[in-house]
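Reading through the structure tokens given below for one structure.
Numbering (the working numbering), first residue to last: 979 to 1038.
Put into structure tokens, the structure is as follows:
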């Protein structure tokens, strides 16, 4: 994966008023997707993905 931010990166609950859902596992990602599709507006999913699991996650 690509490291975009250094150690000081801080997650946020919203980005310019758009809710941010954080996922650290495949299960959390699947849950975030369900919540995002159920939302009435835009939603960002911040997915922290293990490099080894990346292809499995994208191919689902």
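Glycine included, each C-beta is placed from N, C-alpha and C at the ideal position. Note that this is a predicted model, so its numbers are computed, not measured.
If we count the other Cβ atoms within 10 Å of its Cβ and call it buried at 16 or more, is residue i buried or exposed?
i	result
residue 1030	exposed
residue 1007	buried
Closest to residue i by C-alpha separation, out of the options, would be which residue?
i	options	result
residue 989	1036, 1032 and 1025	1025
residue 994	1020, 1034 and 1033	1020
residue 1014	991, 992 and 999	999
Could you give the C-beta distance for residue i and residue j, rounded to a whole number, given that I count them as a contact under 8 Å?
i	j	result
residue 1004	residue 1022	So it is not a contact: roughly 18 Å between Cβ atoms.
residue 1001	residue 1010	5 Å
Give me whichever residues DSSP pairs with residue i in a beta bridge.
i	result
residue 1015	None; residue 1015 has no bridge partner.
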